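**Q**
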Amino acid sequence: MTTATTAATAPATTEATTGTATAVTAGARVEVRAESGWAAVCGLSDLVPGRGVAALLPDGRQIAVFRDRAGRTYAVANRDPFTGACVLSRGLLGSAGGRAFVASPLLKQRFDLVTGRCLDDDAVSVPVYAVRTR
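Okay, so the sequence shown: first residue is 133 according to this note's numbering, each after it adds one.
1) From the DSSP secondary-structure annotation, give me the bridge partner or partners of residue 226.
2) For the beta strand (DSSP E) that residue 187 lies in, which residues bound it at each end?
3) For residue 213 and residue 165, I'd like the C-alpha separation in whole angstroms.
4) Just the Cα atoms here: how many angstroms apart are residue 219 and residue 236?
5) May I have the straight-line CA-CA distance separating residue 247 from residue 260, to the nearest angstrom?
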């Protein structure tokens, strides 16, 4: 699991919000908006398109960070609300109706990566986090 820090980073080279693809430079860092501000969670090169990584925010919350095959980055809570297990970072990425989702590796419920809404149960959702690349 990656631990996020709030240390100063290099000047901004590119920025993205959740679900936005941008051109990036070598050494780009992925940052997630936390309660205390932007927290660096990993290098963009650490994200394999179509796969996720787990990260720990400074306040102790676990998140799942993803990069899709189009280069868009997303972050959601890592906890699967159906099982309570912190496993969403190990889920499979896909799309339905043009919307990117992660499918839980346990019970296969799909969560929209932009809204956090469960595509299989409208009453359930996961928190989402703004993401930028610098």
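From the three backbone atoms N, C-alpha and C, an ideal C-beta is built for every residue, glycine too. Fair warning: this is a prediction, and the values are worked out from it, not measured in the lab.
**A** This is what the structure holds:
1) For residue 226, which the question treats as bridged, DSSP gives the partners 233.
2) Unbroken beta strand (DSSP E) run through residue 187: 183-188.
3) If I take the Cα positions, the gap works out to 21 Å.
4) Spanning the two alpha carbons is a distance of roughly 7 Å.
5) Here the alpha carbon of residue 247 sits roughly 7 Å from the alpha carbon of residue 260.
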